[in-house]
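Protein chains in written order, with this note's numbering: chain A, 10 to 335; chain B, 10 to 335.
There are 2 protein chains.
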Amino acid sequence: MAELANVSVATVSYVLSGRDRPVAAETRKRVLDAARQLGYTPNQAARSLRKRRTQRIGLVLSTLGGVPTDQRLATDLHEMADARGYSVVTLAVYNEARAKAAIDVLRGGIADGALINVVGDHLAHDLLAGLAATGLPMVVLSNDSGVEGCDVVRTPEVAASAEAVEHLLAGGRRRIAFMGHRHEVYRDRPTGRLLGYTTALERHGVAQRIVTAGADDRVTAYQTATDLLSSPERPEAIFAASDRAAISAIWAARDLGLSVPGDVAIVGVGNIDEGLITQPQLSTVGPLRHDYTDVVSLLFDRLQAEEPLPAREIVRSWTLIRRGSS
Amino acid sequence: MAELANVSVATVSYVLSGRDRPVAAETRKRVLDAARQLGYTPNQAARSLRKRRTQRIGLVLSTLGGVPTDQRLATDLHEMADARGYSVVTLAVYNEARAKAAIDVLRGGIADGALINVVGDHLAHDLLAGLAATGLPMVVLSNDSGVEGCDVVRTPEVAASAEAVEHLLAGGRRRIAFMGHRHEVYRDRPTGRLLGYTTALERHGVAQRIVTAGADDRVTAYQTATDLLSSPERPEAIFAASDRAAISAIWAARDLGLSVPGDVAIVGVGNIDEGLITQPQLSTVGPLRHDYTDVVSLLFDRLQAEEPLPAREIVRSWTLIRRGSS
DNA sequence: CTGTTAGCGCGTTCAA
DNA sequence: TTGAACGCGCTAACAG
Numbered sequence: 010m011a012e013l014a015n016v017s018v019a020t021v022s023y024v025l026s027g028r029d030r031p032v033a034a035e036t037r038k039r040v041l042d043a044a045r046q047l048g049y050t051p052n053q054a055a056r057s058l059r060k061r062r063t064q065r066i067g068l069v070l071s072t073l074g075g076v077p078t079d080q081r082l083a084t085d086l087h088e089m090a091d092a093r094g095y096s097v098v099t100l101a102v103y104n105e106a107r108a109k110a111a112i113d114v115l116r117g118g119i120a121d122g123a124l125i126n127v128v129g130d131h132l133a134h135d136l137l138a139g140l141a142a143t144g145l146p147m148v149v150l151s152n153d154s155g156v157e158g159c160d161v162v163r164t165p166e167v168a169a170s171a172e173a174v175e176h177l178l179a180g181g182r183r184r185i186a187f188m189g190h191r192h193e194v195y196r197d198r199p200t201g202r203l204l205g206y207t208t209a210l211e212r213h214g215v216a217q218r219i220v221t222a223g224a225d226d227r228v229t230a231y232q233t234a235t236d237l238l239s240s241p242e243r244p245e246a247i248f249a250a251s252d253r254a255a256i257s258a259i260w261a262a263r264d265l266g267l268s269v270p271g272d273v274a275i276v277g278v279g280n281i282d283e284g285l286i287t288q289p290q291l292s293t294v295g296p297l298r299h300d301y302t303d304v305v306s307l308l309f310d311r312l313q314a315e316e317p318l319p320a321r322e323i324v325r326s327w328t329l330i331r332r333g334s335s
Numbered sequence: 010m011a012e013l014a015n016v017s018v019a020t021v022s023y024v025l026s027g028r029d030r031p032v033a034a035e036t037r038k039r040v041l042d043a044a045r046q047l048g049y050t051p052n053q054a055a056r057s058l059r060k061r062r063t064q065r066i067g068l069v070l071s072t073l074g075g076v077p078t079d080q081r082l083a084t085d086l087h088e089m090a091d092a093r094g095y096s097v098v099t100l101a102v103y104n105e106a107r108a109k110a111a112i113d114v115l116r117g118g119i120a121d122g123a124l125i126n127v128v129g130d131h132l133a134h135d136l137l138a139g140l141a142a143t144g145l146p147m148v149v150l151s152n153d154s155g156v157e158g159c160d161v162v163r164t165p166e167v168a169a170s171a172e173a174v175e176h177l178l179a180g181g182r183r184r185i186a187f188m189g190h191r192h193e194v195y196r197d198r199p200t201g202r203l204l205g206y207t208t209a210l211e212r213h214g215v216a217q218r219i220v221t222a223g224a225d226d227r228v229t230a231y232q233t234a235t236d237l238l239s240s241p242e243r244p245e246a247i248f249a250a251s252d253r254a255a256i257s258a259i260w261a262a263r264d265l266g267l268s269v270p271g272d273v274a275i276v277g278v279g280n281i282d283e284g285l286i287t288q289p290q291l292s293t294v295g296p297l298r299h300d301y302t303d304v305v306s307l308l309f310d311r312l313q314a315e316e317p318l319p320a321r322e323i324v325r326s327w328t329l330i331r332r333g334s335s
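Okay, structure coming up:
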């Protein structure tokens, strides 16, 4: 490359990286021509080895399955990264083994910072702590308590879920079923949305608990809801841990000839747009606006800061959005 | 690190990379202890600079939006990569500008190979060609003709779409609407699923064309279908370019009090599981089994081959799956 | 305006 | 069984 343009490697570096060293127009042209001719692109591994920066952000997600939250988070991150000259590489965790692998990739220095949103317990706390100890700037979306050494974004899902269930109780429903994600339901003690459910019932002296899994995908949700709604002790309400599951429940009810909310009230979590096109429209708890720019800013603040910043915490704002289904 | 364990850097390298050089048990222990104590992880940039391999695969997708196809592709890739000691980094393209950025990241050597599935025309052909010219092993899912220098996976969507529309014609429907993705509908000449639609109609001498966008997300699909079905010239059938859009159309029909398939027949594309829980079940064209292991194998064959392999081509197998909605 | 040189952190030879 | 020394491709500092 350098010899084809008949210049030194340093000059090539200066031309291609566009730094402000003065370069003769003719020399620059020779370099650019040679680069085009050879299809030359600088090796990023060498570059970041030298510069000690990759200009990349790692986005760590449970799956590439397109949970609505992840989608918005990803688009906001990509946009803001773009504007700042960073690229984004996404790592999917899927399971515990690969969580370890993903952390190792980050420890290996693939990115200058990380935005981490992993639900469930695939990502062990000590892995996260070890990564944070590296000094890697990171923002973690989690409600767990053990997360330290990085910014944390919390979601008031327990309170919001309790509010949803209390809303159902206020409507006179007593037999209320919970349809949750596997990672919440199959666990020794209730957490998250399930905890909100049990808390609300307890607070109002309702003894009956109907806890099912099925919120993880639409098909299972439909089947679970169908089972619930065809049982002799049909619930008067279903609180689903996701809007997608709640929407499946609405369909299940309608397919059984039940009226929503007459025969069964349904509330979901997340406030996705699709809740506006169901009949009736879906009641839900979640953010009013889907905006993660504040979360992403946390990360870029850290990246642009000279000295390490103190750990910050954001609590997202969720509200009960009452629509037709409850 | 090396000095803490009181050994040379070479010994550290040997211990941590676990190659077969004999190392005294006591030395190995010293190294491992020091590594744990320091939270040391080898720098991957330096490693891959030296080894000229990253042990990573790049997965390039249009969005992280979780199109069902991408999900299956991603899980199969992750599984097979895992088994072979590779990690996967995902790059989202979103738009033309970032397509260029994603290609640059790959050219910069972030991965040893790439699996590329970008719909629409965000990813220009010359970018792909330039990348292929690098010698980077890659597999591209595309029906375009200009793709060269890499393995190509094709989908018989034109023929399958035509088959779907002919099936509707055979059922006596004449006024058939097409609900497509923006990237296919807003284009000078028909391609892909839209081309299948027009071809079938032409072949059977049907003049009427009802072409709408709206298949890109469920909300738009619902609204588009509602508009179509409330118009005075209500179509007798809707062929939707995605199952998700088709399912929204079924719901739109039901919400309008129309019977499916009595008043309107509906067919989708993709054969997603969710088509089994609609009332009626969704007719669709797509793969019978969702399995991308053959596609992923193409890539690993290339990675493991000593000398460059000739470009191969896979044509995926799609069939019309007739269920209740048509 | 441009070239020379010294590392960035690792893996690999060769010598001990 | 271990260590010393070189170089992967690049950027930053300095020399010219």
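Don't be surprised by glycine CBs; every beta carbon is placed ideally from N, CA and C.
Same chain, Cβ closer than 6 Å to alanine 249 of chain B, five either side skipped, listed in chain order: Met188, Ala224, Ala255, Ala258, Gly277
From the beta carbon of aspartate 85 of chain B, is the nearest beta carbon of chain A less than 9 Å away? no
Serine 57 of chain B versus chain A: which residues are under 7 Å apart at the beta carbon? Ala54
Cut-off 7 Å between Cβ atoms - residues of its own chain near cysteine 159 of chain A, not counting five sequence neighbours on either side: Ala141, Met147, Val148, Val149, Ala320
Under 8 Å, with one C-beta from each stretch per pair, do the segment 75–92 of chain B and the segment 110–123 of chain B reach the 3-pair mark? no
Local conformation of methionine 147 of chain A per DSSP, three classes: strand
DSSP three-state call for glycine 180 of chain B: helix, strand or coil? coil
For arginine 325 of chain B and valine 174 of chain A, the rounded distance between their alpha carbons: 47 Å
Quick one: measure Cβ to Cβ for threonine 50 of chain A and threonine 36 of chain A, integer angstroms, because I've assumed they're closer than 8 Å. That belief does not hold up - the Cβ atoms of threonine 50 of chain A and threonine 36 of chain A are roughly 20 Å apart, past 8 Å.
Give me, in chain order, the residues of the same chain whose beta-carbon lies closer than 7 Å to that of arginine 62 of chain A; leave out the 5 immediate sequence neighbours on both sides. Asp121
Can you confirm whether aspartate 264 of chain B, when its beta carbon is compared against all beta carbons of chain A, has any partner nearer than 9 Å? yes
Can you tell me the Cα-Cα spacing of threonine 84 of chain B and arginine 81 of chain A, whole angstroms? 21 Å
Hey, does glutamate 337 of chain A have any beta-carbon neighbour from chain B nearer than 9 Å? Only positions 10 to 335 of chain A appear in this structure, which leaves residue 337 of chain A out of reach.
Which of helix, strand or coil DSSP assigns to glycine 189 of chain B: strand
When you compare only the Cα positions, how much space is there between valine 18 of chain A and valine 24 of chain A? 10 Å
Output yes or no for whether 9 Å exceeds the beta carbon distance between isoleucine 281 of chain B and aspartate 303 of chain B. no
What are the boundary residues of the beta strand (DSSP E) that includes aspartate 135 of chain B? Counting along the chain, aspartate 135 of chain B falls outside any beta strand (DSSP E), though it belongs to the alpha helix (DSSP H) covering 134–142.
Name the residues in the segment 55–80 of chain B whose C-beta lies less than 7 Å from a C-beta of chain A; which are they? Ala55, Ser57, Leu58, Leu73, Gly74, Gly75, Asp79, Gln80
For a contact defined as C-beta to C-beta under 8 Å, what are the partners of alanine 101 of chain B on chain A? Ala83, His87, Val97, Thr99
Neighbour list for threonine 50 of chain B in chain A, Cβ cutoff strictly below 7 Å: Asp113, Arg116, Gly117
Taking only three categories from DSSP, how would you classify arginine 30 of chain A? Coil, per DSSP.
Return the CA-CA distance between proline 289 of chain A and aspartate 264 of chain B, expressed in angstroms with no decimal places. Linking proline 289 of chain A to aspartate 264 of chain B through their CA atoms gives a straight-line distance of about 10 Å.
Return the first residue and the last residue of the alpha helix (DSSP H) that isoleucine 256 of chain A is part of. 252–264
Measuring straight from C-alpha to C-alpha, what distance separates serine 268 of chain A and threonine 287 of chain A? 13 Å
Can you name the residues of chain B whose CB is closer than 7 Å to the CB of glutamine 288 of chain A? Asp264
Take every Cβ of the segment 99–112 of chain A, pair it with every Cβ of the segment 29–44 of chain B, and state whether three or more of those distances are shorter than 8 Å. no
By Cβ distance below 6 Å, which residues in the same chain neighbour valine 305 of chain B in space, the five residues on each side in sequence not counted? Asp85, Leu86, Met89
Indicate whether glycine 155 of chain B and leucine 115 of chain B have their beta-carbon atoms separated by less than 9 Å. no
Does the beta-carbon distance from valine 162 of chain B to isoleucine 323 of chain B come in below 9 Å? Yes. Within cutoff.
Could you confirm whether any beta carbon from chain B is found closer than 9 Å to the beta carbon of tyrosine 231 of chain A? yes
Chain-ordered chain B contacts of aspartate 121 of chain A [CB-CB under 7 Å]: None at all; the shortest Cβ gap to chain B is about 12 Å.
By Cβ distance, which residues of its chain are closer than 7 Å to aspartate 79 of chain B, with the 5 residues on each side in sequence left out? Leu70, Asn126
Does the separation of the CB atoms of alanine 55 of chain B and arginine 39 of chain B fall below 9 Å? no
Paired residues, beta bridge with asparagine 280 of chain A - DSSP: Asparagine 280 of chain A pairs with nothing; no bridge assigned.
By a C-beta neighbour count over all protein chains shown, 10 Å radius and 16 as the cutoff for buried, is glycine 214 of chain B buried or exposed? Classification of glycine 214 of chain B: exposed, given that the 10 Å Cβ count is below 16.
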